[in-house]
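K.L.:
The UniProt record's numbering puts the sequence shown at residues 1 to 247.
Where is the CB? At the ideal position from N, CA and C, for every residue including glycine.
A quick note: this is a predicted structure, and the numbers were derived from the prediction, not measured.
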Amino acid sequence: RTIEKFEKEAAELGKGSFKYAWVLDKLKAERERGITIDIALWKFETPKYMVTVIDAPGHRDFIKNMITGTSQADCAILIIAGGTGEFEAGISKDGQTREHALLAFTLGVRQLIVAVNKMDTTKWSEDRFNEIVKETSTFIKKVGYNPKAVAFVPISGWHGDNMLEESTNMPWYKGWTKETKAGVVKGKTLLDAIDAIEPPVRPSDKPLRLPLQDVYKIGGIGTVPVGRVETGIIKAGMVVTFAPVGV
Numbered sequence: 001r002t003i004e005k006f007e008k009e010a011a012e013l014g015k016g017s018f019k020y021a022w023v024l025d026k027l028k029a030e031r032e033r034g035i036t037i038d039i040a041l042w043k044f045e046t047p048k049y050m051v052t053v054i055d056a057p058g059h060r061d062f063i064k065n066m067i068t069g070t071s072q073a074d075c076a077i078l079i080i081a082g083g084t085g086e087f088e089a090g091i092s093k094d095g096q097t098r099e100h101a102l103l104a105f106t107l108g109v110r111q112l113i114v115a116v117n118k119m120d121t122t123k124w125s126e127d128r129f130n131e132i133v134k135e136t137s138t139f140i141k142k143v144g145y146n147p148k149a150v151a152f153v154p155i156s157g158w159h160g161d162n163m164l165e166e167s168t169n170m171p172w173y174k175g176w177t178k179e180t181k182a183g184v185v186k187g188k189t190l191l192d193a194i195d196a197i198e199p200p201v202r203p204s205d206k207p208l209r210l211p212l213q214d215v216y217k218i219g220g221i222g223t224v225p226v227g228r229v230e231t232g233i234i235k236a237g238m239v240v241t242f243a244p245v246g247v
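#1: Using CA atoms only, rank isn't needed, just tell me which of Val-143, Trp-172 and Lys-148 is closest to Pro-154.
#2: Using a Cβ-Cβ distance under 8 Å, would Lys-141 count as near chain C?
#3: Hey, is the segment 100 to 107 in contact with the segment 47 to 54, meaning 3+ C-beta pairs nearer than 8 Å?
#4: What number of angstroms, rounded off, separates the C-alpha of Val-114 from the C-alpha of Thr-177?
#5: Quick check on DSSP: helix, strand or coil for Lys-188?
#6: Which value, in whole angstroms, describes the spacing of the CA atoms of Phe-152 and Ile-132?
#7: Let me confirm a value: Tyr-49 is counted as buried when at least 16 other C-beta atoms fall within 10 Å, else exposed. Which label applies?
#8: Residues bridged to Tyr-216 by DSSP?
#9: Are there 16 or more other CB atoms within 10 angstroms of the CB of Met-119, so buried, or fewer, so exposed?
#10: Applying the criterion that 16 or more other CB atoms from any shown protein chain within 10 Å of the CB defines a buried residue, is Ala-21 buried or exposed?
#11: My output table needs one value for Thr-36: the three-state DSSP class, helix, strand or coil.
#12: Closest to Gly-187 by C-alpha separation, out of Thr-122, Asp-74, Glu-166 and Asp-127, would be which residue?
#13: For the alpha helix (DSSP H) that Phe-139 lies in, which residues bound it at each end?
#14: Under 8 Å, do Leu-112 and Ala-76 count as touching if we go by C-beta distance?
#15: How about Thr-122 and Gly-82: are their beta carbons less than 8 Å apart?
#16: Note down, in chain order, each residue of its chain lying with its Cβ closer than 8 Å to the Cβ of Val-215, except the 5 sequence neighbours on either side.
#17: Can you check which of these residues, Pro-211, Met-170, Met-163 and Gln-213, is closest to Ala-193 by C-alpha distance?
#18: In the DSSP output, which residue or residues are listed as bridge partners for Met-50?
#19: Taking the beta strand (DSSP E) that Phe-152 belongs to, which residues open and close that run?
#20: Under three-state DSSP, which class holds Arg-31?
#21: Skipping 5 residues on each side, what residues in its chain have a beta carbon closer than 6 Å to that of Pro-203?
#22: In chain order, what are the residue ranges of uninterrupted alpha helix (DSSP H) at least 4 long that sit wholly in the segment 82 to 127?
#23: With which residues is Asp-161 paired in a DSSP beta bridge?
#24: Could you check if Thr-189 is buried or exposed, using at least 16 other CB atoms within 10 Å of its CB as the buried criterion?
#25: Nearest-angstrom Cα distance between Ala-243 and Lys-93?
#26: For Ala-73, which three-state DSSP category applies?
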C-alpha cells in the first residue's frame, strides 16, 4: 500500500521512478524526528509474512552498526551493485560485499538472498548478471553458504524491476530456483524470494531471554528498551528481571 501510494504521488509529479526512493525518504524523516537510530527499520506485509527490514549501513566506518543489525536477522539480503566496476570493488579482497557476507554467516544468519541491483545501468545484460552470479556463488561458498540454496534476483531498485512484479525489461530471466529442506522452490521477484524464507524454529518453551540492542528515551512515553526475543515469550504486563543489576 505504501509503495502504491508513493507510486501514485510520484506519477502525478512526473517522477515515477522515484517511488522506492520516497519510501526511504520517509524513513529518513522518521529518524530525524529526534531518535537517532544507527540501523533503519522498515516493516511491510507480504502475502505470507510480516517482514521487518533491518537496513544495515554498508560503509566500512559503520561496520559496528551493521553487525548490530545483522545479528538480529533471520535472513540476509545481499544487495550487489551490478554496475561496471562497482561489483568488482565490492568482491575484491577488502570489499564490503565480501565482508558483509562473511559477517552474516559468522553471526549465524544461515539464509541468504542475493539481489543484483542497478540492472538498468547494465542495459539489462544477461551476460553481466550471469557473470555476477558465477563470481558471487564462488565467494559465498567459501564463506559457508550453499549457492544452490540461495535465490539470485536481477533487480533495479530505481525502476522497481523484479522487486514486486516480474520485469518486462529482462525477458531472458526465467526466475530463480533454490533448494530447501522441503524441496526445490521457484520464484521470479525479490518479493517471491522473501516469501520463500524458511521461518526458523523459535525456542519458545525456554525461559525468556531478550538481549537489549539499545535504549531510547522518547518524550511523553519514557524509556523504551529495544531488542529481540531469543528464547521464551514476552507479553504485555509480564514482570521481567533485568540483568546484570547495578550497571
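P.N.:
Working from what's here:
#1: Residue mapping note: residue 154 aligns to position 154 of the sequence shown, counting from 1. Closest option to Pro-154, Cα to Cα, is Trp-172.
#2: Of the chains in the structure shown, none is chain C; there is only one protein chain.
#3: Cβ pair count under 8 Å is below three, so no.
#4: Residue mapping note: residue 114 aligns to position 114 of the sequence shown, counting from 1. Residue mapping note: residue 177 aligns to position 177 of the sequence shown, counting from 1. Rounded to whole angstroms, Val-114 to Thr-177 spans 12 Å at the Cα level.
#5: If you number the sequence shown from 1, residue 188 lands on position 188. Looking at Lys-188 - three-state DSSP - the assignment turns out to be coil, as it is neither helix nor strand.
#6: Position 152 of the sequence shown holds residue 152. Position 132 of the sequence shown holds residue 132. Whole-angstrom Cα-Cα distance: 10 Å.
#7: In the sequence shown, residue 49 corresponds to position 49, counting from 1. The residue is exposed, with fewer than 16 neighbouring Cβ atoms inside 10 Å.
#8: If you number the sequence shown from 1, residue 216 lands on position 216. Beta-bridge pairing by DSSP links Tyr-216 to Val-224.
#9: For the purposes of this step, residue 119 is taken as the residue at position 119 of the sequence shown. By the neighbour-count criterion, in which a residue is buried when 16 or more other Cβ atoms sit within 10 angstroms of its Cβ, Met-119 is buried.
#10: Within the sequence shown, residue 21 is the residue found at index 21, counting from 1. Below a pLDDT of 50, predicted positions are generally treated as unreliable, and Ala-21, at 49, falls in that range; the measurement from the model is reported next regardless. Counting of Cβ neighbours within 10 angstroms places Ala-21 among the exposed residues, the total staying below 16.
#11: As a working mapping, residue 36 is identified with position 36 in the sequence shown. Any reading at Thr-36 needs caution, since the residue's pLDDT is 34, under 50, leaving its predicted position unreliable; the model's value is listed next. The answer is coil: DSSP assigns Thr-36 none of H, G, I, E or B.
#12: If you number the sequence shown from 1, residue 187 lands on position 187. The alpha carbon of Gly-187 has as its nearest neighbour, out of Thr-122, Asp-74, Glu-166 and Asp-127, the alpha carbon of Glu-166.
#13: For this step, residue 139 is matched to residue 139 along the sequence shown. Unbroken alpha helix (DSSP H) run through Phe-139: 126 to 143.
#14: Start at 1 with the first residue of the sequence shown, and residue 112 comes out as number 112. Start at 1 with the first residue of the sequence shown, and residue 76 comes out as number 76. The criterion of a C-beta distance shorter than 8 Å is satisfied by Leu-112 and Ala-76.
#15: Locating residue 122 in the sequence shown gives position 122, counting from the first residue. Locating residue 82 in the sequence shown gives position 82, counting from the first residue. Yes. Within cutoff.
#16: Residue 215 sits at position 215 when you count from the first residue of the sequence shown. Annotation for Val-215: Thr-223, Val-224, Pro-225 and Val-226 place their beta carbon closer than 8 Å to its own, counting only its chain and skipping 5 residues before and after.
#17: In the sequence shown, counting from the first residue as 1, residue 193 sits at position 193. Of the candidates Pro-211, Met-170, Met-163 and Gln-213, the one whose C-alpha sits nearest the C-alpha of Ala-193 is Met-163.
#18: In the sequence shown, counting from the first residue as 1, residue 50 sits at position 50. By DSSP's assignment, Met-50 forms a beta bridge with Glu-45.
#19: As a position in the sequence shown, residue 152 is number 152, starting the count at 1. Run containing Phe-152: 151 to 154, per the beta strand (DSSP E) assignment.
#20: Here residue 31 refers to the residue found at position 31 when the sequence shown is read from its first residue. In this predicted model, Arg-31 has a pLDDT of only 44, less than 50, meaning its place in the structure is not dependable; the value taken from the coordinates is given anyway. Reduced to three states, the DSSP call for Arg-31 is helix.
#21: As a position in the sequence shown, residue 203 is number 203, starting the count at 1. Closer than 6 Å at the Cβ level, and outside the excluded window around Pro-203, lie Thr-231.
#22: Counting whole runs of 4 or more residues, the segment 82 to 127 contains the alpha helix (DSSP H) stretches 86 to 90 and 96 to 106.
#23: The sequence position of residue 161 within the sequence shown is 161, counting from 1. Under DSSP, the beta-bridge partners assigned to Asp-161 are Ser-156 and Glu-165.
#24: Reading the sequence shown from its first residue, position 189 is the one you call residue 189. Burial call: buried.
#25: Stepping through the sequence shown from its first residue, residue 243 is reached at position 243. Stepping through the sequence shown from its first residue, residue 93 is reached at position 93. Cα to Cα, Ala-243 sits roughly 41 Å from Lys-93.
#26: Here the question's residue 73 lines up with position 73 in the sequence shown. Looking at Ala-73 - three-state DSSP - the assignment turns out to be coil, as it is neither helix nor strand.
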